[in-house]
Amino acid sequence: MGGPIPADSGEGRGHPGQPVQVKVAGLRSKQLVTMRARSTDDKGVMFSSSATYRADGSGQIHLDRDPSLSGSYVGVEPMGLLWSMKPDTLHTCFRKTHLQMPHIVTLSVHDKEDNRMLAEVTNKRYLIGDGVSRIPKKEGNICVFATRLVTLLSVFFMTSLLFEKRACLLANKGFVVLSIMHLDHFEEAVNFLKWHSKVGSKGIGVISRSKGGDIALSIAAFVSGFEAVVCIGCNANVFFPLYYNKRLLLQPILSCYKKLISSVSGTVNDKYILDNHLEENNDALIPTELAKGQFLFVASEDDLSWDSKTYMDQMVERLKPLSPWSMKIPGSNPMLTLIDYSKLPVDVNVSVIVCLSCITADPTNTHNKNQNTTLLFLLPFFMR
Numbered sequence: 000m001g002g003p004i005p006a007d008s009g010e011g012r013g014h015p016g017q018p019v020q021v022k023v024a025g026l027r028s029k030q031l032v033t034m035r036a037r038s039t040d041d042k043g044v045m046f047s048s049s050a051t052y053r054a055d056g057s058g059q060i061h062l063d064r065d066p067s068l069s070g071s072y073v074g075v076e077p078m079g080l081l082w083s084m085k086p087d088t089l090h091t092c093f094r095k096t097h098l099q100m101p102h103i104v105t106l107s108v109h110d111k112e113d114n115r116m117l118a119e120v121t122n123k124r125y126l127i128g129d130g131v132s133r134i135p136k137k138e139g140n141i142c143v144f145a146t147r148l149v150t151l152l153s154v155f156f157m158t159s160l161l162f163e164k165r166a167c168l169l170a171n172k173g174f175v176v177l178s179i180m181h182l183d184h185f186e187e188a189v190n191f192l193k194w195h196s197k198v199g200s201k202g203i204g205v206i207s208r209s210k211g212g213d214i215a216l217s218i219a220a221f222v223s224g225f226e227a228v229v230c231i232g233c234n235a236n237v238f239f240p241l242y243y244n245k246r247l248l249l250q251p252i253l254s255c256y257k258k259l260i261s262s263v264s265g266t267v268n269d270k271y272i273l274d275n276h277l278e279e280n281n282d283a284l285i286p287t288e289l290a291k292g293q294f295l296f297v298a299s300e301d302d303l304s305w306d307s308k309t310y311m312d313q314m315v316e317r318l319k320p321l322s323p324w325s326m327k328i329p330g331s332n333p334m335l336t337l338i339d340y341s342k343l344p345v346d347v348n349v350s351v352i353v354c355l356s357c358i359t360a361d362p363t364n365t366h367n368k369n370q371n372t373t374l375l376f377l378l379p380f381f382m383r
């Protein structure tokens, strides 16, 4: 019998959100092997994972059927080699900024006894899927990912290309998505989208998380033309004063870094660093009652970065007359980014003063599964 060959590795063009099927054939009956995955991000950091499998009586392994016996994960996990990858450098997030280039993952099979490599394949995952185009708007402040369906704004804060990944994923699902980060640009964005040739509806939605969530809520309150808002983990204006057309609209809720809880590894729990949202900070509350659109609030119940669940409950109570949607996600970390890249035990959060590695409560696959659940929940909300 010849050496093992991958029967189906998912090799070729795919994009995040599409499952990778990994099967191995040509092994000895009941042979123990180590399966490995490795990938290098755009900063040159190596990510890797491994798992031990035992072939069946015919010398085959199916990751969607056979359990991992040990390694980066255990049990039946069809995508385990991807979501369990960890960096060689501690507290490092996977950076993918060159969106036109694929995320390349190398999968290999090694004999358990002598570590000899038996087979190797490469899987390429393109963020920009078939039929999706990335259109930088040179004369303005916005970047569009276009198909021909519902229109969305993807809001991010203190970053640029990082969360174009989210825009790509949503565009792959049939949305026209525009990435933007400043409130002053939104009127320009609304007008641009309304007249764009690929926009198939009049309604415009906005999605944002963490610090960017206050911008999404402010859009709903102060800018006309939005019919749906998704806010992940925020309910008031935080860190900085909010200006619109050079006019001060909201004072910020400040943070107290004396409330940080540090660990031996260098991570921090900053769940309670923000001052009270309701008592002494009324000037920071966003008047979302003025909004005319629909709201969906998403919170990670195990968020150790912000008190997301409390913030969401407060917003749902305030907006009861508007019947907002809400979604509580157990066992997840705060960085719900709607994309199935490897999930790390910590997240690097950019704070106002320092760069923090914020601990989370989920070193398992729960977060990755919940991101997919969140995406499935978002689609019907925006399609309404």
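If you read the sequence shown in numbering that gives the first Met the number 0, its first letter stands for residue 0, the second for the next number, and so on.
For each residue, glycine too, the CB sits at the ideal point set by N, CA and C.
Item: Quick one: what's got a C-beta closer than 6 Å to R37's C-beta in the same chain, skipping five residues either side?; Value: S47, T105
Item: Please work out which residues of its chain come closer than 6 Å, Cβ to Cβ, to A290, disregarding the five sequence neighbours upstream and downstream, and give them in chain order.; Value: A219, A220
Item: Who are T105's beta bridge partners in DSSP?; Value: R37, T121
Item: Would DSSP call I358 helix, strand or coil?; Value: Reliability fails at I358, whose pLDDT of 41 lies under 50, so the model's placement of it is uncertain and the value that follows must be treated cautiously. The answer is strand: DSSP assigns I358 an E or B state.
Item: Output yes or no for whether 7 Å exceeds the beta carbon distance between S217 and I127.; Value: no
Item: Under 8 Å: do the stretch 206-217 and the stretch 230-246 share three or more Cβ pairs, one atom per stretch?; Value: yes
Item: My guess is that K111 and T33 are in contact by the Cβ rule of under 8 Å, so how many angstroms apart are they, rounded?; Value: 6 Å
Item: Please report how far the alpha carbon of L249 lies from the alpha carbon of M45, in whole angstroms.; Value: 42 Å
Item: May I have the straight-line CA-CA distance separating L321 from C92, to the nearest angstrom?; Value: 37 Å
Item: Measuring CA to CA, which of G43, L89, M311 is closest to T96?; Value: G43
Item: With a threshold of 16 other CB atoms inside 10 Å of the CB of S28, please say whether the residue is buried or exposed.; Value: exposed
Item: By the DSSP assignment, the alpha helix (DSSP H) with L248 in it spans what residues?; Value: Note, L248: premise wrong, no alpha helix (DSSP H); beta strand (DSSP E) at 246-249.
Item: Between which two residues does the alpha helix (DSSP H) containing Q313 stretch?; Value: 307-317
Item: Assuming P323 and F296 make a contact with CB atoms under 8 Å, what is their CB distance in whole Å?; Value: 6 Å
Item: How far does the alpha helix (DSSP H) with S49 in it extend, from its first residue to its last?; Value: It is not in any alpha helix (DSSP H) - S49 instead sits in the beta strand (DSSP E) that spans 45-53.
Item: From what residue to what residue does the beta strand (DSSP E) around A215 run?; Value: From DSSP, A215 is part of no beta strand (DSSP E) but of the alpha helix (DSSP H) over 211-221.
Item: Please specify which runs of the alpha helix (DSSP H), each continuous and at least 4 residues long, are wholly inside the stretch 54-106, giving them in chain order.; Value: 79-82
Item: Tell me, please, which residues DSSP counts as bridged to V237.; Value: I252
Item: CA-CA distance, I214 and A283?; Value: 12 Å
Item: In three-state terms, what does DSSP make of F225?; Value: coil
Item: What is the DSSP secondary structure of Y340, counted as helix, strand or coil?; Value: Bear in mind that a pLDDT of 46 at Y340, under 50, signals an unreliable position, so the model cannot answer this.
Item: For P333, is the classification buried or exposed, using 16 other Cβ atoms within 10 angstroms of its Cβ as the cut-off for buried?; Value: Here the model assigns P333 a pLDDT of 48, short of 50, so the residue's position is not dependable, and the following value carries that caveat. It counts as buried.
Item: Using the Cα positions of S67 and L31, report the straight-line distance between them to the nearest angstrom.; Value: 11 Å
Item: Quick check on the DSSP output: the beta strand (DSSP E) that includes Q30 runs from which residue to which?; Value: Element bounds for Q30: n/a, residue is neither H nor E.
Item: What are the boundary residues of the beta strand (DSSP E) that V19 is part of?; Value: Unbroken run through V19: none, as it is neither H nor E.
Item: Assign Q293 to buried or exposed, taking buried as 16 or more other Cβ atoms, counted over all protein chains shown, within 10 Å of its Cβ.; Value: buried
Item: Going by the beta-carbon positions, is the gap between T88 and G70 smaller than 7 Å?; Value: no
Item: In whole angstroms, give me the CA-to-CA distance for F191 and P86.; Value: 40 Å
Item: Whole angstroms are fine: how far does the CA of E76 sit from the CA of S83?; Value: 10 Å
Item: Can you find the residues in the same chain that come closer than 6 Å, C-beta to C-beta, to M116, ignoring five residues on each side of it along the sequence?; Value: S107, H109
Item: If you draw a straight line from the alpha carbon of R124 to that of M326, how long is it in whole angstroms?; Value: 29 Å
Item: What does DSSP give as the partner residue(s) for A298 in the beta ladder?; Value: K327
Item: Within a Cβ cutoff of 6 Å, which residues of the same chain sit near E119, ignoring the five residues on either side of it in sequence?; Value: S107
Item: Per DSSP, D113 is paired with what?; Value: Partner(s): none; D113 has no beta bridge.
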